[in-house]
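Position 107 of the sequence shown, counted from 1, bears residue number 219 in the numbering used here, the numbering being contiguous throughout.
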Amino acid sequence: MNWIVRCLFVIISYILANVPVYAETCIASYYNIGEKSQPGNITASGIPLNDNYLTAAHKTLAFGTRVRVTNLKNGNSVKVLITDRGPYKKDRCIDVSLKTAKELGMIKAGIVPVSVEVIGEPEHKIEKIKIVKKKKFKKKKFKKKKRSKKSKLFF
Numbered sequence: 113m114n115w116i117v118r119c120l121f122v123i124i125s126y127i128l129a130n131v132p133v134y135a136e137t138c139i140a141s142y143y144n145i146g147e148k149s150q151p152g153n154i155t156a157s158g159i160p161l162n163d164n165y166l167t168a169a170h171k172t173l174a175f176g177t178r179v180r181v182t183n184l185k186n187g188n189s190v191k192v193l194i195t196d197r198g199p200y201k202k203d204r205c206i207d208v209s210l211k212t213a214k215e216l217g218m219i220k221a222g223i224v225p226v227s228v229e230v231i232g233e234p235e236h237k238i239e240k241i242k243i244v245k246k247k248k249f250k251k252k253k254f255k256k257k258k259r260s261k262k263s264k265l266f267f
């Protein structure tokens, strides 16, 4: 009898471990940074802004949260990392990077219905990454010029 209870406990805990904590169905859009981005631009979490990362922006999920985004039109699914805040349109819940949009097959459509499931909570805070080092400018010491007697008369 004891082993049956243990087996049931293991099965139930396995099932509960694979159930998403957070899931929603909504409209997704993607962002294309392109040439507009200046080198050293970073997201709200401090990670470099890059079209080639599998990242996304969400209004409420914590930075570093892993989510599975599934395109409901074609069934394509991608695991992404939440690194930014947005989108700022009322009818949308998630903005994905260009690489994520290509893998989801949403480039032509621009916006598509998706399901968003949390598959991993952040283990620790994402620390901000310094991209561009600030240049330290040395103050130049100017030598005082000796004025002639004539110039002192006018000042």
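Positions of the beta carbon are idealized from the N, C-alpha and C atoms, including for glycine.
- In this chain, the beta strand (DSSP E) harbouring Lys191 covers 189–196.
- Counting only residues of its own chain and dropping the five nearest sequence neighbours on each side, Leu166 has a CB closer than 8 angstroms to the CB of Val190, Lys191, Val192, Leu193, Ser209, Lys211, Thr212, Glu215.
- Bridge pairing for Asn144: absent [DSSP].
- Only residues of its own chain outside the window of five on either side were considered, and among them Asp163, Leu210 have a CB closer than 7 angstroms to the CB of Asn144, listed in chain order.
- With fewer than 16 other CB atoms across the displayed protein chains lying within 10 angstroms of its CB, Val117 is exposed.
- Taking C-beta atoms as the reference points, Val230 and Val179 count as a pair closer than 8 angstroms.
- Note that the C-beta distance between Val181 and Ala169 is not below 8 angstroms.
- Ser227 is bridged by DSSP to Thr137, Thr182.
- Membership of Ala174 in any beta strand (DSSP E) is not indicated, and neither H nor E is assigned to it by DSSP.
- Buried is the label assigned to Asn183, since at least 16 other Cβ atoms lie within 10 Å of its Cβ.
- Of the candidates Ile219, Cys205, Leu173, the residue whose Cα lies closest to the Cα of Asn186 is Ile219.
- Glu136 is not a Cβ neighbour of Val224, given a cutoff of 8 angstroms.
- In this structure Ser157 is in contact with Asp196, their Cβ atoms being roughly 7 angstroms apart against a cut-off of 8 angstroms.
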